[in-house]
Structures are given as structure tokens and as C-alpha cells.
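Residue numbers (our numbering): 5 to 241.
Backbone N, C-alpha and C fix where the C-beta goes; we use that ideal spot for every residue, glycine too.
Structure first, commentary second.
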């Protein structure tokens, strides 16, 4: 099931990274609204985040990541941990940034249900994300109110993302089970078909090819001497 979902999750992860790149570039204008000189304060950090997501996209093409769910989980965990630290560092450069921008930090959690399989895996990423974000706020000079405010915002985002990840996993597992049942029945019907019909006819039947019967203008049928004598005897009689 995990490997089956990996084929669907990896393209979504790349799409999420592309969306994050455009968001972090575009929201530089938001920084300038809070501080007209923010370009030189937050610009380098935003550039570092953009490069980070480019690296994550590149890592997603590695054969090991595409074949092993645990490697993909490790990359997703790394991505969100770096995101938590660098995004909080941006807020620290802006006046009242921890209050004005903490909601933006939780917006990235909307991708978690699509990038994980179940609430347990989601919490495995969300818990370090939340802890690192709060620690960064405290280390970079956030007040007690800033930390408490961040706890409420990120806590709500983590709870929503984990609950949605659980519900989505239930739906995906049911769909996977139905797909397996359908594949089993398909193999069973094909085996039955091959027991009844020749391989070439069965193949044409499955391909909806028409007509199934072949037409030949002239054919020869081998007949044994015994059958021929029996036919001549009946004809004489």
C-alpha cells in the first residue's frame, strides 16, 4: 500500500514545492508592507528557502526515494523542519512579525494530508515542525505572548492536518482494497477465458476486435484412410 501511494504522492510533493517557491517569492511584497527595507533583511532568507525547495524537488527524482517510502518520509520531514526554522527567521526580521505572520506558517500544513499516509505519519512530521518553530521564536527574541500565540495557531493547524490525513488515509485504503479485488477478479476471468479459448482468440476478444472468426477461401482438411473408406462404404450403400 505504501509503495502504491508513493507513485501518487511524489508528483503532489513536487507540485507543493513549486507552489511554495512562488509563494515565498511573491510574499516578499508582504514583507515590504511591514518594513520598506525588508528586502535586504528577509530577501536572502526567502532565497534560501526557494533553493531549499528546489533541492527537495531534485531529491524526489532519486531512484531510492521513488522506490522506498521511508526515504520519501525522511525528505518530507527534512523539508518541513527547514521550512519551520527559516520561515520563523523571516518573521523575526519584521516588526511584530511573529504576530502578523504566524498564520502564514501554518498555511503550509495544508499539503501534509496529501503527502502522508495516515495520522501517525502526519504527526511524525508535524510534531518536529511545531517544536522547531516554537524554539526558533524563543531563540530569536519572541515574547511569551508570541510563543503562546504560535502554540494556538500551529496547534490548530497540526490538529486539522492530522485529522484530515487520517480521513484521507481511510479513503485511500478502501480504494486500494477495491482496486486489488478488481485486479484479482480480472486475472481470474482471464485465466478462465484462456482455458476455454485459444490464446490468439482470447487476446482478440479482450481487445474487442471484430470479427473474431477468420475467413479462408480455400482450405484443406486432412482425413485419415479409415474415415475415407467408411465414407465410401456409406455412399455405396
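State the Cα-Cα distance for the pair residue i and residue j, rounded to the nearest angstrom.
{"i": "residue 156", "j": "residue 59", "result": "31 Å"}
{"i": "residue 249", "j": "residue 136", "result": "With the chain represented from 5 up to 241, any question about residue 249 goes unanswered, as that position is not in the structure."}
{"i": "residue 111", "j": "residue 200", "result": "58 Å"}
{"i": "residue 242", "j": "residue 181", "result": "The requested residue 242 does not occur in the structure, where the chain is confined to residues 5 to 241."}
{"i": "residue 64", "j": "residue 97", "result": "31 Å"}
{"i": "residue 37", "j": "residue 27", "result": "16 Å"}
{"i": "residue 25", "j": "residue 54", "result": "5 Å"}
{"i": "residue 142", "j": "residue 100", "result": "14 Å"}
{"i": "residue 170", "j": "residue 48", "result": "37 Å"}
{"i": "residue 23", "j": "residue 32", "result": "15 Å"}
{"i": "residue 130", "j": "residue 160", "result": "11 Å"}
{"i": "residue 80", "j": "residue 154", "result": "22 Å"}
{"i": "residue 120", "j": "residue 144", "result": "31 Å"}
{"i": "residue 123", "j": "residue 168", "result": "8 Å"}
What residues in its chain sit with their C-beta under 6 Å from that of residue i, if we drop five residues either side in the sequence?
{"i": "residue 140", "result": "89, 92"}
{"i": "residue 21", "result": "57, 60, 61"}
{"i": "residue 127", "result": "166"}
{"i": "residue 105", "result": "95"}
{"i": "residue 147", "result": "none"}
{"i": "residue 14", "result": "64"}
Would you identify the three-state DSSP class for residue i, choosing helix, strand or coil?
{"i": "residue 239", "result": "Here the model assigns residue 239 a pLDDT of 48, short of 50, so the residue's position is not dependable, and the following value carries that caveat. Residue 239 falls in the helix class under three-state DSSP."}
{"i": "residue 32", "result": "helix"}
{"i": "residue 97", "result": "coil"}
{"i": "residue 64", "result": "coil"}
{"i": "residue 92", "result": "helix"}
{"i": "residue 105", "result": "helix"}
{"i": "residue 146", "result": "coil"}
{"i": "residue 39", "result": "coil"}
{"i": "residue 122", "result": "coil"}
{"i": "residue 72", "result": "coil"}
{"i": "residue 82", "result": "helix"}
Looking only at its chain, what residues have a beta carbon closer than 7 Å to the beta carbon of residue i, apart from the 5 residues adjacent to it on each side?
{"i": "residue 5", "result": "177, 180"}
{"i": "residue 86", "result": "56"}
{"i": "residue 34", "result": "none"}
Suppose the cutoff is 8 Å on Cβ atoms and the five residues either side in sequence are ignored; what does the same chain contact list for residue i look like?
{"i": "residue 152", "result": "none"}
Handout entry: Cβ contact check for the stretch 36-46 and the stretch 70-83: 3 or more pairs under 8 Å
Key = Flag = no, the stretch 36-46 and the stretch 70-83 do not touch.
Handout entry: Cβ contact check for the stretch 73-82 and the stretch 7-18: 3 or more pairs under 8 Å
Key = Contact holds: three or more Cβ-Cβ distances are below 8 Å.
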